[in-house]
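Numbered according to this note's numbering, the sequence shown terminates at residue 396, and the numbering increases by one at each position without gaps.
Data first, discussion second: the structure below is written as structure tokens.
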Amino acid sequence: MSFRQKVGLLLCLAFLIASTTLAVHAQPKVVKIGVFAPLSGSMAVAGQHQNDGIRFAADEINEAGGILGYKLEFIFEDDEGIPANTVNIMNKLLYRDKVVATMGSNNSPSVLAVLDIIKRAQTPHIVPSGVAYAITHSGNPWVFRVTATDEVFTKKIVDYGVNELGFTRFAIIFDTNDYGQGGRDLVMKWLKGHGLSPVAVEGYNKETKDFTPQLMSIKNANPEALIIWGNYTEGAQLVRQIRSMNLPFQVMVSTGVTIGNFYELAGDAANGIIGITGGWHPQRSDARALDFIERFKKAKGYVADMNVACGYDAVMLLAKAMKEAGTVTDKAKIREALSRVTMDGITGKIAINENGDGGTEALLFTVKDGKPVLIQPKK
């Protein structure tokens, strides 16, 4: 090889090295955030909707330039709604993927299973829509929540039943998981505040198909209202069975019952129930809600539900905390900013309190012709 050829080869190699170096430096900086949700199994629809809301928010932020020069990169994991799976996933996200924050889930038992792991890792965690009271009353300073809690939801639904509908005889049926038991205890607490005790209290396990023993016991107690505290797969089956047995009481349900594909599963049996949700509802008519509904439907092809809205607000809450902290990598500073952040979210005002709870709003609705209709409060 001639001297000139050698020089040409070296110049080509130098050019390739320089081009590769420039390409590497041209790659945007990213900050990794881990997310868990049930993306398969009986709660999959709610988990998928949570993640759609997260992606929608992340796309908006990244298209606008990201946060402090960083793009958000989310790592999504399917825990199937099984707490043991969530433990393995959380360890992966924290120690293998080395995420700076985590989010999840619509399934409260999964969140409760990883509270100790989050605390040991000292990593900020945002719960979009899991509402179990115990999540933020465990003494864990690293956990924050977007939606209002079951303490808010149970009080609102009990007060409405007593003060507006005049009921004095309530029965409760609940999922025996942590979420259901927490809701049962809070319903009983608020009933006691009105000088009342439930006339019947019945539990059921996840994936129960036949509720005849529980419903016959409740029927014999002659309630005016039955409050269901559980998730949507069993909730829909419960509502269908109540209608097929022609049981005469008013059915009132938790937030977990009417998420996911509840209306598809329940069909006409859902008509007439009274439900409770956070500050988001697709029938809101304010300009902010209408704009969000239009933008999300155009992007994802369906009308945003509560899980979508909570997922979206969770990302926006984290983004605001990062900006206020002046960092996307310092977990302690991000946690400190989260502990005092306030925000007007899609789900209403979010103001993080001393326990880490942010959501403050709850809306009541009934179902007519298979669709939820907001109950307007009396003036």
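The C-beta atom is built at its ideal place from N, Cα and C for all residues, glycine as well.
It should be emphasised that the depicted structure is a prediction, and the values quoted were computed from it without experimental measurement.
Exercise for the section: Assign GLY212 to one of two classes, buried (16 or more other C-beta atoms within 10 Å of its C-beta) or exposed (fewer than that). Expected result: For the purposes of this step, residue 212 is identified with residue 195 of the sequence shown, where counting begins at 1. Result: exposed.
Exercise for the section: Give me the Cα-Cα distance between ARG186 and ARG257, rounded to the nearest whole angstrom. Expected result: Numbered from 1 along the sequence shown, position 169 holds the residue referred to as residue 186. Numbered from 1 along the sequence shown, position 240 holds the residue referred to as residue 257. Spanning the two alpha carbons is a distance of roughly 22 Å.
Handout entry: Cβ-based burial, MET262 [other Cβ within 10 Å; buried from 16]
Key = Here residue 262 corresponds to residue number 245 of the sequence shown, with the count starting at 1. Exposed is the call here.
Practice task
For ASP195, I'd like the list of residues in its chain whose CB is within less than 7 Å of its CB, leaving aside the five on either flank, ordered along the chain.
Solution key: As a position in the sequence shown, residue 195 is number 178, starting the count at 1. Answer for ASP195: SER125, PRO126, LEU129, ALA149 and ALA151, listed in chain order.
Exercise for the section: With distances taken Cα to Cα, identify the nearest neighbour of GLU241 among MET323, THR171, GLU97 and VAL175. Expected result: Here residue 241 corresponds to residue number 224 of the sequence shown, with the count starting at 1. It is VAL175.
Handout entry: Segments of 4+ residues assigned as alpha helix (DSSP H) that fall wholly inside the region 217-248
Key = 229-238
Exercise for the section: Helix, strand or coil for ILE106, going by three-state DSSP, please let me know. Expected result: The residue you call residue 106 lines up with position 89 of the sequence shown. Correct three-state label for ILE106: helix.
Exercise for the section: Report yes if the CB atom of THR153 is closer than 8 Å to the CB atom of GLY296, and no otherwise. Expected result: On the sequence shown, position 136 is the one that residue 153 refers to. On the sequence shown, position 279 is the one that residue 296 refers to. Result no, Cβ atoms of THR153 and GLY296 do not sit closer than 8 Å.
Handout entry: Identity of the residue in ASN79, ALA379, GLU219 and GLU97 nearest GLU90 by Cα
Key = Taking the sequence shown and counting its residues from 1, one reaches residue 90 at position 73. That would be ASN79, whose Cα lies nearest to the Cα of GLU90.
Handout entry: Simplified DSSP state of ARG186, which is helix, strand or coil
Key = What you label residue 186 is simply residue 169 of the sequence shown in a count that begins at 1. Coil, per DSSP.
Handout entry: CA nearest to the CA of GLU219, picked from LYS88, GLY362 and PHE191
Key = Numbered from 1 along the sequence shown, position 202 holds the residue referred to as residue 219. Ranking the options by Cα distance to GLU219, first place goes to PHE191.
Problem - Between the CA atoms of VAL268 and GLY292 - distance to the nearest angstrom - result: For the purposes of this step, residue 292 is identified with residue 275 of the sequence shown, where counting begins at 1. For the purposes of this step, residue 268 is identified with residue 251 of the sequence shown, where counting begins at 1. Cα to Cα, GLY292 sits roughly 9 Å from VAL268.
Practice task
Could you say which of THR250, ILE363 and ASP167 lies nearest to TYR329 if we only look at CA atoms?
Solution key: Counting from 1 along the sequence shown, the entry for residue 329 is found at position 312. Of THR250, ILE363 and ASP167, the smallest CA-CA separation from TYR329 is found for ILE363.
Handout entry: Sheet register partners of GLU94 (DSSP bridge)
Key = Residue numbering aside, residue 94 sits at position 77 when the sequence shown is read from its first letter. Bridge partners of GLU94: PHE53.
Exercise for the section: Can you have a look at PRO389 and say buried or exposed, based on whether 16 or more other CB atoms are within 10 angstroms of its CB? Expected result: On the sequence shown, position 372 is the one that residue 389 refers to. PRO389 is buried by the Cβ-count criterion.
Handout entry: Other residues of its chain near VAL384: CB distance less than 6 Å, five sequence neighbours each side excluded
Key = Working through the sequence shown from its first residue, we reach residue 384 at position 367. These residues qualify, in order along the chain: ALA287, ASN288 and ILE290.
Exercise for the section: Would you tell me roughly how many angstroms separate the C-alpha atoms of LYS136 and THR377, rounded to the nearest one? Expected result: By 1-based counting over the sequence shown, the position of residue 136 is 119. By 1-based counting over the sequence shown, the position of residue 377 is 360. Rounded to the nearest angstrom, the two C-alpha atoms are 25 Å apart.
Practice task
Pull up the distance between the alpha-carbon of ASN248 and that of GLU281, whole angstroms please.
Solution key: Residue mapping note: residue 248 aligns to position 231 of the sequence shown, counting from 1. Residue mapping note: residue 281 aligns to position 264 of the sequence shown, counting from 1. Straight-line Cα distance between these residues: approximately 14 Å.
Practice task
Give the DSSP-derived three-state secondary structure of LYS315 in the structure shown.
Solution key: Here residue 315 is taken as the residue at index 298 of the sequence shown, counted from 1. The answer is helix: DSSP assigns LYS315 an H, G or I state.
Practice task
State buried or exposed for GLY156, treating a residue as buried only when at least 16 other CB atoms are found within 10 Å of its CB.
Solution key: As a working mapping, residue 156 is identified with position 139 in the sequence shown. Per the 10 Å Cβ criterion, exposed.
Exercise for the section: Tell me, to the nearest whole angstrom, how far the beta carbon of ILE50 is from that of VAL117; I am working on the premise that it is less than 8 Å. Expected result: Here residue 50 is taken as the residue at index 33 of the sequence shown, counted from 1. Here residue 117 is taken as the residue at index 100 of the sequence shown, counted from 1. Contact holds; Cβ gap of about 7 Å.
Problem - Secondary structure of PHE191, DSSP reduced to three states - result: Here the question's residue 191 lines up with position 174 in the sequence shown. Of the three classes helix, strand and coil, the one that applies to PHE191 here is strand, per DSSP.
Handout entry: C-beta contact flag for SER122 and PRO55 at 8 Å
Key = Along the sequence shown, read from residue 1 onward, the residue named residue 122 stands at position 105. Along the sequence shown, read from residue 1 onward, the residue named residue 55 stands at position 38. Yes, they are a contact pair.
Handout entry: Terminal residues of the beta strand (DSSP E) in which GLY292 lies
Key = One-based indexing of the sequence shown puts residue 292 at position 275. Here the beta strand (DSSP E) through GLY292 covers 291-294.
Practice task
Out of ALA283, GLN65, THR225 and LYS88, point me to the one whose CA is closest to PHE387's CA.
Solution key: Residue 387 sits at position 370 when you count from the first residue of the sequence shown. Note on identity: in this sequence residue 387 is Gly, with Phe being the wrong assignment. Of the candidates ALA283, GLN65, THR225 and LYS88, ALA283 places its Cα closest to the Cα of GLY387.
Problem - Enclosing alpha helix (DSSP H) for GLY365 [first to last residue] - result: As a first step, residue 365 is located in the sequence shown; it is residue number 348 there, counting from the start. No alpha helix (DSSP H) contains GLY365, which is instead part of the beta strand (DSSP E) from 365-368.
Exercise for the section: Let me know the secondary structure DSSP gives MET60 once reduced to three states. Expected result: The residue you call residue 60 lines up with position 43 of the sequence shown. In this structure, MET60 counts as coil in the three-state DSSP scheme.
Problem - Own chain partners of ALA238 with C-beta closer than 7 Å, once the 5 adjacent residues on each side are dropped - result: As a position in the sequence shown, residue 238 is number 221, starting the count at 1. Contacts found: ALA188, VAL216 and ALA217.
Exercise for the section: Kindly indicate which three-state DSSP category ALA40 falls into: helix, strand or coil? Expected result: Numbered from 1 along the sequence shown, position 23 holds the residue referred to as residue 40. Confidence at ALA40 is low in this model, with a pLDDT of 46, below 50, so its placement is unreliable and the value that follows should be read with caution. The answer is helix: DSSP assigns ALA40 an H, G or I state.
Exercise for the section: Could you have a look at PRO402 and say whether DSSP puts it in helix, strand or coil? Expected result: The first residue shown for the chain is 18 and the last is 396, placing residue 402 beyond what the model contains.
Problem - Nearest neighbour of GLU168, chosen from ALA349, GLN139 and GLY200 [CA to CA] - result: Locating residue 168 in the sequence shown gives position 151, counting from the first residue. It is GLY200.
Problem - Contacts around LYS337, its chain only, beta-carbon distance under 6 Å, and the 5 residues preceding and following it disregarded - result: Indexing the sequence shown from 1 puts residue 337 at position 320. Answer for LYS337: VAL358 and MET360, listed in chain order.
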